[in-house]
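Residue numbers (the numbering used here): 227 to 418.
Beta carbons are placed, not taken as given, at the ideal position from N, Cα and C, and that holds for glycine.
Just so it is clear, the structure is predicted and the values come from calculations on it, not from any experiment.
The block underneath contains the structure these notes are about, expressed in structure tokens.
Below is the structure:
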């Protein structure tokens, strides 16, 4: 009887060890293959970023990642535009999952943001953060990400679209806005 209990305990601990190793292996095999800002939708009160996350589980067990945490900011100044988190989902072993995030960014009444948007060819933003696979307090399993995107062309198209029915040549209007904006930026830069 003692031998049966001993062998049962040995088998139990071997299975537990194999399961633990397999789980650790799976957690280490989760990757964030792509982060892409695929669309920016402008509205009167701000704009919405549509971001796709391509997450792969190349491990041997299904696993639920904890969350995706992120911050959206202007690249040149690190002025924060928004932040948030998206709850985790189960990932099947040997599979790739596409998750979509929609983040609403409200127009903020700051001079810095207004000046950035007036600079020709220099309105870049970033979404940075972590795919948190397992949160163990002081030691996490995370995959960092950092995606830069240009918002000037989207702003340009939005203004042209909004003014097209009122202005004969909306493209000229945009060029005038850029020219005036450039002069304002130069004056403010000289003043600061």
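Below 8 Å on the Cβ atoms is my guess for residue i versus residue j; work out the distance and round it to an integer in Å.
i, j, result
"residue 386", "residue 266", "So it is not a contact: roughly 15 Å between Cβ atoms."
"residue 293", "residue 308", "Not quite, the Cβ-Cβ distance comes to about 16 Å (not below 8 Å), so this is no contact."
Please report the distance separating the alpha-carbon of residue i from that of residue j.
i, j, result
"residue 286", "residue 320", "7 Å"
"residue 291", "residue 262", "19 Å"
"residue 255", "residue 230", "37 Å"
"residue 278", "residue 260", "8 Å"
"residue 302", "residue 275", "19 Å"
"residue 332", "residue 268", "10 Å"
"residue 325", "residue 258", "11 Å"
"residue 367", "residue 280", "17 Å"
"residue 227", "residue 237", "15 Å"
"residue 272", "residue 381", "11 Å"
"residue 312", "residue 295", "7 Å"
"residue 384", "residue 241", "59 Å"
"residue 388", "residue 398", "14 Å"
"residue 233", "residue 244", "16 Å"
"residue 370", "residue 235", "40 Å"
"residue 375", "residue 239", "50 Å"
"residue 310", "residue 304", "16 Å"
Locate the beta strand (DSSP E) running through residue i, then write down its first and last residues.
i, result
"residue 297", "293-300"
"residue 349", "Unbroken run through residue 349: none, as it is neither H nor E."
"residue 286", "Residue 286 -> no beta strand (DSSP E), and no H or E assigned at all."
"residue 266", "256-269"
"residue 370", "366-376"
"residue 323", "321-332"
"residue 312", "306-313"
If distances are taken between C-alpha atoms only, which option among the options comes closest to residue i?
i, options, result
"residue 350", "325, 239 and 299", "299"
"residue 355", "332, 327 and 333", "327"
"residue 357", "306, 242 and 317", "317"
"residue 353", "264, 271 and 238", "264"
"residue 306", "270, 289, 330 and 384", "330"
"residue 322", "304, 372 and 289", "289"
"residue 359", "270, 233 and 283", "283"
"residue 373", "239, 297 and 379", "297"
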